[in-house]
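Numbered per this note's numbering, the sequence shown finishes at 158, counting up by one with no gaps.
Cβ coordinates follow ideal geometry from the N, Cα and C atoms, glycine included.
Fair warning: this is a prediction, and the values are worked out from it, not measured in the lab.
First up is the structure itself, then whatever we jot down about it.
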Amino acid sequence: MAEIVEGVNYLSVDDLIYINRSLIELQTPNESIDVINYNNLCSSQARPSLVKWYGQTNDVFELASALVESLIQNHPFANANKRTAMMAGYIFLLLNGYELTAPGDEIVAMAEGLARKLYIREELESWLCHWSREYDSRTCAFLTTQLCAKL
């Protein structure tokens with residue numbers, strides 16, 4: 008998983024694939040696990056860093072919303088794209104000092120609304136900000152290391 012560094016912490020393509028695989032194995036093991044469009048996956052992974060660079064911003068909610076929206080719209084996986092996108096956004100925020108505290112039904116509604124284009128990225132950004140609280144990212148890195156060691 009991603010490593011804590013100075014500045015903004017990003018998820019790698021391998022992290023996103025791992026998140027997708029883990030969610031499917033835990034929640035819907037009969038679904039196929041596959042990357043159906045690797046270029047779209049790479050594009051989604053790079054989106055937050057491009058937004059940071061060209062937008063000259065370090066706003067983690069803007070960067071997280073770019074990642075989530077891109078994963079949902081680009082649909083790089085055979086299954087669980089919305090789940091993967093929301094979990095990736097959650098982990099991205101954790102790695103960057105915030106914890107998403109939204110209830111599960113709110114998360115599902117936002118993901119489905121984004122997929123149906125009922126919400127735009129800026130609305131997701133505001134939603135993430137509303138439902139987040141500060142979080143010690145060092146705890147996340149420690150717990151991620153512990154979890155990976157058990158797998």
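- Within the same chain, and ignoring the five residues on either side of Asn88 in sequence, the residues whose Cβ sits closer than 7 Å to its Cβ are Leu78, Ile79 and His82.
- By the neighbour-count criterion, in which 16 or more other beta carbons inside 10 Å mark a residue as buried, Pro55 falls on the buried side.
- When rounded, the separation of the alpha-carbon atoms in Ser133 and Pro110 is 16 Å.
- Beta-bridge partners assigned by DSSP to Ser139: Leu107.
- Distances from the CA of Gly104 to each of Ser144, Glu130, Arg123 and Ala71 were compared; the closest alpha carbon is that of Ser144.
- Under the DSSP assignment, Val67 falls in the alpha helix (DSSP H) whose first and last residues are Val67 to Asn81.
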